[in-house]
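*Asks:* What follows is a structure written as structure tokens; I'll ask about it next.
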Amino acid sequence: MAQFIQVLILGLALGGVIALMGSGLSLVFGVMRIVNLAHPSLIIAGAYVAYWAFKLWGIDPIVMLPIAALILAGIGVLLYRLMFEQEAKSARYSEMTVLLTFALAMMVEGLLGAFFTNTQRVTSPDYATDAFFISDIFIPKGQLYAGIVSLVIIGGLALFLKYSRMGYAIRATTQNRDAAELLGVNVNLVSVVAFAIGIGLAGAAGALVSFVFSFFPAKQWEWIAMLMSVVVLGGMGSILGTVVAAFSLSVIAAFVGTWVGATWSTMTFFLALFVILLIRPEGLFGEKPEMA
Amino acid sequence: MAATLQTPDTGAVLAARKAHDEKLAKRADQTRAIWFPVTVLAVLLALPLLQFTGNYNYLLHLVLFTASYVVMAAGWNILGGFAGYVSLGHAVFFAIGGYFSGVLLARFGISTLLTAPLAGLLAAVCGYLIGQITLKVRGPSFIISSIALLMIARILFDHWTFIGGANGLALPINDLPVLWAKLPYYYAFIFMAAFTVWATYRIKHSKLGLGLRALSKDEIKAESAGIDTRFYKVVAFALSAFFVGMAGAVWGEYLTYLRPNIFLIILVSANLVLMCILGGKGTIAGPVVGAVLIVGINELFVATMGASELNLFGTGLVMAVALMFFPLGVVGTLARKGKLPRILNWD
Amino acid sequence: MTALLEVTNITAGYGDGPAILDGAHLTVVPGKVHCIIGPNGAGKSTLLKAICGMLKIRKGEVVLKGERLNGLRPDQILRKGICFVPQERALFPKMTVRENLRMGGFTLGDARELDRRVDAILDRFPILRERANQHAGTMSGGQQQTLAMARTLIIRPDIVMLDEPSLGLAPKIVQEMFSIMKMMSEEGVTVLLVEQNALMGLKNSDIGVVLDLGRTLIEGPAADVLADPRIQELYLGGRKAA
Ligand SMILES: Nc1ncnc2c1ncn2[C@@H]1O[C@H](COP(=O)(O)OP(=O)(O)OP(=O)(O)O)[C@@H](O)[C@H]1O
Ligand SMILES: [Mg+2]
Numbered sequence: 010m011a012q013f014i015q016v017l018i019l020g021l022a023l024g025g026v027i028a029l030m031g032s033g034l035s036l037v038f039g040v041m042r043i044v045n046l047a048h049p050s051l052i053i054a055g056a057y058v059a060y061w062a063f064k065l066w067g068i069d070p071i072v073m074l075p076i077a078a079l080i081l082a083g084i085g086v087l088l089y090r091l092m093f094e095q096e097a098k099s100a101r102y103s104e105m106t107v108l109l110t111f112a113l114a115m116m117v118e119g120l121l122g123a124f125f126t127n128t129q130r131v132t133s134p135d136y137a138t139d140a141f142f143i144s145d146i147f148i149p150k151g152q153l154y155a156g157i158v159s160l161v162i163i164g165g166l167a168l169f170l171k172y173s174r175m176g177y178a179i180r181a182t183t184q185n186r187d188a189a190e191l192l193g194v195n196v197n198l199v200s201v202v203a204f205a206i207g208i209g210l211a212g213a214a215g216a217l218v219s220f221v222f223s224f225f226p227a228k229q230w231e232w233i234a235m236l237m238s239v240v241v242l243g244g245m246g247s248i249l250g251t252v253v254a255a256f257s258l259s260v261i262a263a264f265v266g267t268w269v270g271a272t273w274s275t276m277t278f279f280l281a282l283f284v285i286l287l288i289r290p291e292g293l294f295g296e297k298p299e300m301a
Numbered sequence: 056m057a058a059t060l061q062t063p064d065t066g067a068v069l070a071a072r073k074a075h076d077e078k079l080a081k082r083a084d085q086t087r088a089i090w091f092p093v094t095v096l097a098v099l100l101a102l103p104l105l106q107f108t109g110n111y112n113y114l115l116h117l118v119l120f121t122a123s124y125v126v127m128a129a130g131w132n133i134l135g136g137f138a139g140y141v142s143l144g145h146a147v148f149f150a151i152g153g154y155f156s157g158v159l160l161a162r163f164g165i166s167t168l169l170t171a172p173l174a175g176l177l178a179a180v181c182g183y184l185i186g187q188i189t190l191k192v193r194g195p196s197f198i199i200s201s202i203a204l205l206m207i208a209r210i211l212f213d214h215w216t217f218i219g220g221a222n223g224l225a226l227p228i229n230d231l232p233v234l235w236a237k238l239p240y241y242y243a244f245i246f247m248a249a250f251t252v253w254a255t256y257r258i259k260h261s262k263l264g265l266g267l268r269a270l271s272k273d274e275i276k277a278e279s280a281g282i283d284t285r286f287y288k289v290v291a292f293a294l295s296a297f298f299v300g301m302a303g304a305v306w307g308e309y310l311t312y313l314r315p316n317i318f319l320i321i322l323v324s325a326n327l328v329l330m331c332i333l334g335g336k337g338t339i340a341g342p343v344v345g346a347v348l349i350v351g352i353n354e355l356f357v358a359t360m361g362a363s364e365l366n367l368f369g370t371g372l373v374m375a376v377a378l379m380f381f382p383l384g385v386v387g388t389l390a391r392k393g394k395l396p397r398i399l400n401w402d
Numbered sequence: 517m518t519a520l521l522e523v524t525n526i527t528a529g530y531g532d533g534p535a536i537l538d539g540a541h542l543t544v545v546p547g548k549v550h551c552i553i554g555p556n557g558a559g560k561s562t563l564l565k566a567i568c569g570m571l572k573i574r575k576g577e578v579v580l581k582g583e584r585l586n587g588l589r590p591d592q593i594l595r596k597g598i599c600f601v602p603q604e605r606a607l608f609p610k611m612t613v614r615e616n617l618r619m620g621g622f623t624l625g626d627a628r629e630l631d632r633r634v635d636a637i638l639d640r641f642p643i644l645r646e647r648a649n650q651h652a653g654t655m656s657g658g659q660q661q662t663l664a665m666a667r668t669l670i671i672r673p674d675i676v677m678l679d680e681p682s683l684g685l686a687p688k689i690v691q692e693m694f695s696i697m698k699m700m701s702e703e704g705v706t707v708l709l710v711e712q713n714a715l716m717g718l719k720n721s722d723i724g725v726v727l728d729l730g731r732t733l734i735e736g737p738a739a740d741v742l743a744d745p746r747i748q749e750l751y752l753g754g755r756k757a758a
């Protein structure tokens, strides 16, 4: 029983970060129909920001988080302007952007690899290796903090989407781009903002990831598959779905990791992706068409 | 506003409507220069004669390397180009073919040149089964599922001790003299490349190819036109896996070892996609043009920057630029403009 | 009498495809109901899309109250006073009826004023009031069309363009759409209607426009258009055309 709770807690603790990693991806897909395969590579870029800030100046990664988010959001605006603005008008847009972001992912990995090499890195603030103990059960501080910060950020995002005027416009654009435009929403502006927020979220996630997981540029492929399974299970474009899916899969992966073997824990995500595509391609919260 | 009714008479309107429709319809032109690919093939078959005059191993390697990619890219094209299902997971079939024939070579000493068709068949069967699952979804979902497939295969191969796990498997080296050691593989790949290109031509113009092209435009319409889209797609998947698997089989022996981090990497898949896009997805000559271009560009990168991470950056950059500015590829763009040289019109 | 909207000889098409509209013109008179008819594929929807900025105009001009609209985006054109309800109704399926109406007033800055107007609309359309908290995607076709048309009234535009509001609706509901349209017109909104049922459309409008092959063939009082024998033959199915 104690072990059961222990594994559950470890799974939940990681779920928060994974949800944050996936939420930007989901947002960007929802608003712009861009399946951003470069998202994980940008998370890794964010992780490097936090890593070097800690290594060089001893800045805590959680303190660095807003800065990493801002830097990445800026990069997001640039990328959108350079790569996606024109594409938005093309016919096979959705498929096109997958390949385009795939190319971008390779470019980011190549650049990061050239600068920082493919050695494994991890930011190591004190709490990253520390834990709280409740009788027999331990809760790793790093993962707990990262999870809490993630949930706060996702909560903020949800409030922003629900109540702000921009959030209204983003939701409207997500549901029906043409209609939003016909009702006076500047959808191009909305797209830039949403894309910047999405990539900013990658930066924020990166800062947290930097002390939760070890990372290196080529790690992105594993994360692509992992995050895609989260986002597809949650129903592409649904933030709530992403959060629920992240926690469920993370907990399942934790149990698989403990009872079946560590290598199979990542496999959970990939197999889940297959199973979801097989039985419910629209995901938990998604709607049928569009993607399929 | 004064009402001015200047209606032309009805016959004139109907005639104009017909003329208008015809103006909008596109004309296809049909000229082909079959002598060109045949000449290229003849030259390539004769190329090893150069070995009598010196060591041209590097040249042979480049041609062989390109030919291997022609096989795979043209194979990929059946699914990605004709049917419109872009797969980033085809490295899996490369590995399946490579490992199947490689294990036979390592255990029983049977050359992969003999077992390659079987390797292709095995890859096709795997493709058929996988396609049953993943071809249920299209567009981005399909692409994602293909990446997941690759990740799953990588974990499996990395942990499968029978085939050496992550360390891989060493294969025996043939005992031909250095000058001639490449020849069996050289001819094998040239032959496979020619066969694949010919096969894709036949497939494109068969009932299957027609169905695939129809469903790539609009699956629902194709279905209501009586095409069993499900079956067609799966067959396309199997066929494309066949060629990739066959190439993998021979590649393993040529390389003299098998290792997941050589066979099961996204870069292999990416190259296939890139070649088809750069050359022209869905055209017959496209994958060939793309393979030549990409191998050329790659050599250039390696020569100027060394085999570094920047290489990956370069591949990504070429891909992004191609997608943004020549989404139809070299062959496709030229054809669209009506400027495709006859020697490249193989469709 | 000055025109409210003047469309002169425009050429437009999709992407870099062929010109679908080639020499279409249109004069919109303030306060009147205009009905555009023409066979399938004539370019009627394309004309409305070109006016509202969803398609790039390659040649010709669209002028609203003396101001050139060419090259503006749909959201900018809405702010100039032209509201478009496309054939597919443009609702937000996962927003409630009330939220959809609020989106109709997205360009209004004042949130309290917006709430007031939304309530006024709900008062005028009891079917919408009943379903104020239902998701738009779960309503019937007629209800959705009512919502789409009612939504245009929130910002009180100069011109409302309706693309086949009767599409797929039962005859009785079609009548309702026409009465909503009449109501709009009585409030001083100029209506530009595309209608497949030419007879019904022309009977309910002041001005008739015939579009074919991407060109405007006829423009004139609806009654005259309706009476013209050649029109009868070509577009109304009065006699069989060859
Ligand atoms: N999104 C599009 N992309 C390319 N061509 C299009 C598109 N929409 C319409 N067309 C073409 O434009 C032409 C005119 O279409 P349009 O929708 O304007 O006709 P319409 O008069 O509204 O017909 P209907 O009465 O059937 O609605 C048609 O030939 C059609 O094929
Ligand atoms: Mg229409």
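Residue numbers (the working numbering), protein chains in the order written: chain X, 10 to 301; chain Z, 56 to 402; chain U, 517 to 758.
All C-beta atoms, glycine included, are put in the ideal place defined by N, C-alpha and C.
Values in this document were obtained by computation on a predicted structure and should not be read as measured data.
(1) Find the nearest neighbour of X/F220 within the set X/Y60, X/L280, X/L286, judged by alpha-carbon distance.
(2) Would you check if there are 3 or more beta carbon pairs closer than 8 angstroms linking the segment 116 to 135 of chain Z to the segment 329 to 336 of chain Z?
(3) Establish whether the CB of Z/R391 and some CB of chain U are separated by less than 7 angstroms.
(4) Buried or exposed for Z/W306, please, with buried defined as at least 16 other CB atoms from any protein chain shown within 10 angstroms of its CB.
(5) Considering only residues of the segment 12 to 86 of chain X, which uninterrupted alpha helix (DSSP H) runs meet the minimum length of 4 residues and lie entirely inside it, listed in chain order?
(6) With a threshold of 7 angstroms between beta carbons, is Z/K81 in contact with chain X?
(7) Please state whether the Cβ-Cβ distance between Z/L319 and Z/R209 is less than 7 angstroms.
(8) Determine the burial state of Z/K394: buried for a count of at least 16 other Cβ atoms within 10 Å of its Cβ, exposed for fewer.
(9) Counting only beta-carbon atoms, is X/G85 nearer than 7 angstroms to chain U?
(10) Quick check on X/A123 - is its C-beta less than 7 angstroms from some C-beta in chain U?
(11) Once the 5 residues before and after X/R130 are set aside, which same chain residues still bring their CB inside 7 angstroms of it?
(12) Which of the three DSSP states, helix, strand or coil, is assigned to X/F279?
(13) Look at the alpha carbon of X/A203 and the alpha carbon of U/Q660, and state the distance between them as a whole number of angstroms.
(14) Are any of the Cβ atoms in chain Z nearer than 7 angstroms to that of X/W61?
(15) Would you call Z/N222 buried or exposed, if buried means 16 or more other Cβ atoms sit within 10 Å of its Cβ?
(16) Determine contact between the segment 198 to 214 of chain Z and the segment 263 to 278 of chain X, defined as no fewer than three beta-carbon pairs at a distance below 8 angstroms.
(17) If I follow the unbroken beta strand (DSSP E) through U/D635, where does it start and stop?
(18) Report the option in Z/F107, Z/P232, Z/Y287, Z/A128 whose CA atom is closest to the CA atom of Z/A248.
(19) Please list, in chain order, the chain Z residues whose beta carbon lies closer than 8 angstroms to that of U/D728.
(20) Do the segment 162 to 177 of chain X and the segment 245 to 259 of chain X make contact, defined as three or more Cβ pairs closer than 8 angstroms?
(21) Return the residue from the list X/A227, X/S144, X/P49 that minimises the CA-CA distance to X/I316.
(22) Spatial neighbours of U/L683 within its chain, please: C-beta separation below 7 angstroms, excluding the five flanking residues on both sides.
(23) Against chain X, with Cβ distances strictly below 7 angstroms, would U/A606 count as a contact?
(24) The beta strand (DSSP E) that contains U/L678, what's its start and end?
(25) Under 8 angstroms Cβ to Cβ from U/M655, same chain only, skipping five residues before and after it: list those, please.
(26) Along the alpha helix (DSSP H) that carries Z/L96, what are the first and last residues, could you check?
(27) Which bits of chain U does X/V16 rub up against, with CB to CB less than 7 angstroms?
(28) Any beta carbon of chain X sitting closer than 7 angstroms to that of U/L594?
(29) Any residues whose CB sits closer than 6 angstroms to a heavy atom of ligand 1? List them in chain order?
(30) Who are the near neighbours of U/L520 in its chain, counting only those whose CB is closer than 8 angstroms to its CB and skipping five residues on each side?
(31) If you run the structure through DSSP and keep just helix, strand and coil, what is U/R584?
(32) Could you check the C-alpha separation between Z/A58 and U/V741 for me, to the nearest Å?
(33) Confirm the yes/no value for this check: CB of U/Q661, any heavy atom of ligand 2, distance under 6 angstroms.
(34) Throw me the rounded Cβ distance for the X/A26 and X/G156 pair, which I believe falls under 8 angstroms.
(35) Contact criterion: CB-CB distance below 7 angstroms. Does U/M700 meet it with respect to chain X?
(36) Cβ-heavy atom distance between U/Q650 and ligand 2 below 6 angstroms?
*Replies:* To lay it out plainly:
(1) On the first sequence, residue 220 of chain X is found 211 positions in, with the first residue counted as 1. Ranking X/Y60, X/L280, X/L286 by Cα distance to X/F220 puts X/Y60 first.
(2) yes
(3) Reading the second sequence from its first residue, position 336 is the one you call residue 391 of chain Z. Cβ-Cβ to chain U under 7 angstroms: no for Z/R391.
(4) As a first step, residue 306 of chain Z must be located in the second sequence, where it is residue number 251. Buried, by the Cβ-count rule.
(5) 48 to 66
(6) Numbered from its first residue, the second sequence carries residue 81 of chain Z at position 26. Reliability of the predicted coordinates at Z/K81 is poor, the pLDDT of 49 falling under 50, and no value is obtained from them.
(7) Here residue 319 of chain Z corresponds to residue number 264 of the second sequence, with the count starting at 1. Here residue 209 of chain Z corresponds to residue number 154 of the second sequence, with the count starting at 1. Taking 7 angstroms as the Cβ cut-off, Z/L319 and Z/R209 qualify as a contacting pair.
(8) For this step, residue 394 of chain Z is matched to residue 339 along the second sequence. Exposed.
(9) Position 76 of the first sequence, counting from 1, holds the residue named residue 85 of chain X. With 7 angstroms as the cut-off, X/G85 does not count as an interface residue toward chain U.
(10) The sequence position of residue 123 of chain X within the first sequence is 114, counting from 1. No, because no Cβ of chain U sits closer than 7 angstroms to the Cβ of X/A123.
(11) The count along the first sequence starts at 1 and reaches residue 130 of chain X at position 121. The residues are Y60, S223, F224, F225.
(12) Counting from one through the first sequence, the residue named residue 279 of chain X turns up at place 270. In this structure, X/F279 counts as helix in the three-state DSSP scheme.
(13) The sequence position of residue 203 of chain X within the first sequence is 194, counting from 1. The sequence position of residue 660 of chain U within the third sequence is 144, counting from 1. Distance between the alpha carbons of X/A203 and U/Q660 is about 28 angstroms.
(14) The residue labelled residue 61 of chain X in the question sits at position 52 within the first sequence. For X/W61, the answer is no, since every Cβ of chain Z falls outside 7 angstroms of its Cβ.
(15) The residue given as residue 222 of chain Z occupies position 167 in the second sequence. Burial call: exposed.
(16) yes
(17) Numbered from its first residue, the third sequence carries residue 635 of chain U at position 119. No beta strand (DSSP E) contains U/D635, which is instead part of the alpha helix (DSSP H) from 627 to 640.
(18) On the second sequence, position 193 is the one that residue 248 of chain Z refers to. If we check each option's Cα against that of Z/A248, Z/A128 comes out closest.
(19) By one-based count along the third sequence, residue 728 of chain U stands at place 212. Simply V68, R72.
(20) yes
(21) Missing from the structure shown is residue 316 of chain X; chain X here goes from 10 to 301 and no further.
(22) Translated into the one-based positions of the third sequence, residue 683 of chain U becomes position 167. Only Q603 meet the Cβ criterion.
(23) Along the third sequence, read from residue 1 onward, the residue named residue 606 of chain U stands at position 90. Closer than 7 angstroms: yes.
(24) The residue you call residue 678 of chain U lines up with position 162 of the third sequence. Taken as a continuous stretch (DSSP letters only), the beta strand (DSSP E) holding U/L678 covers 675 to 679.
(25) As a working note, residue 655 of chain U is residue 139 in the third sequence. Counting only Cβ-Cβ distances below 8 angstroms, and skipping sequence neighbours, we find V613, R647, L663.
(26) Counting from 1 along the second sequence, the entry for residue 96 of chain Z is found at position 41. Residues 90 to 101.
(27) Numbered from its first residue, the first sequence carries residue 16 of chain X at position 7. Going along chain U, no residue has its Cβ under 7 angstroms from X/V16, so there is no contact; the nearest lies around 36 angstroms.
(28) Looking up residue 594 of chain U in the third sequence gives position 78. For U/L594, the answer is yes, since a Cβ of chain X falls inside 7 angstroms of its Cβ.
(29) U/Y530, U/G533, U/I536, U/G554, U/N556, U/G557, U/A558, U/G559, U/K560, U/S561, U/T562, U/Q712
(30) As a working note, residue 520 of chain U is residue 4 in the third sequence. For U/L520, where only same-chain residues beyond five positions count, the Cβ hits under 8 angstroms are V544, V545, P546, L580, K581, D674, I675, T706.
(31) Position 68 of the third sequence holds residue 584 of chain U. Of the three classes helix, strand and coil, the one that applies to U/R584 here is strand, per DSSP.
(32) Translated into positions along the second sequence, residue 58 of chain Z becomes position 3. Translated into positions along the third sequence, residue 741 of chain U becomes position 225. Because Z/A58 carries a pLDDT of 45, less than 50, the predicted location of this residue cannot be relied on, and no value is offered for it.
(33) As a first step, residue 661 of chain U is located in the third sequence; it is residue number 145 there, counting from the start. No - ligand 2 has no heavy atom lying nearer than 6 angstroms to the Cβ of U/Q661.
(34) Taking the first residue of the first sequence as position 1, residue 26 of chain X is located at position 17. Taking the first residue of the first sequence as position 1, residue 156 of chain X is located at position 147. Checking the sequence, you will find Val at residue 26 of chain X rather than Ala. Their Cβ separation, rounded to whole angstroms, is 6 angstroms, which keeps X/V26 and X/G156 in contact under 8 angstroms.
(35) Along the third sequence, read from residue 1 onward, the residue named residue 700 of chain U stands at position 184. Cβ-Cβ to chain X under 7 angstroms: no for U/M700.
(36) As a first step, residue 650 of chain U is located in the third sequence; it is residue number 134 there, counting from the start. No - ligand 2 has no heavy atom lying nearer than 6 angstroms to the Cβ of U/Q650.
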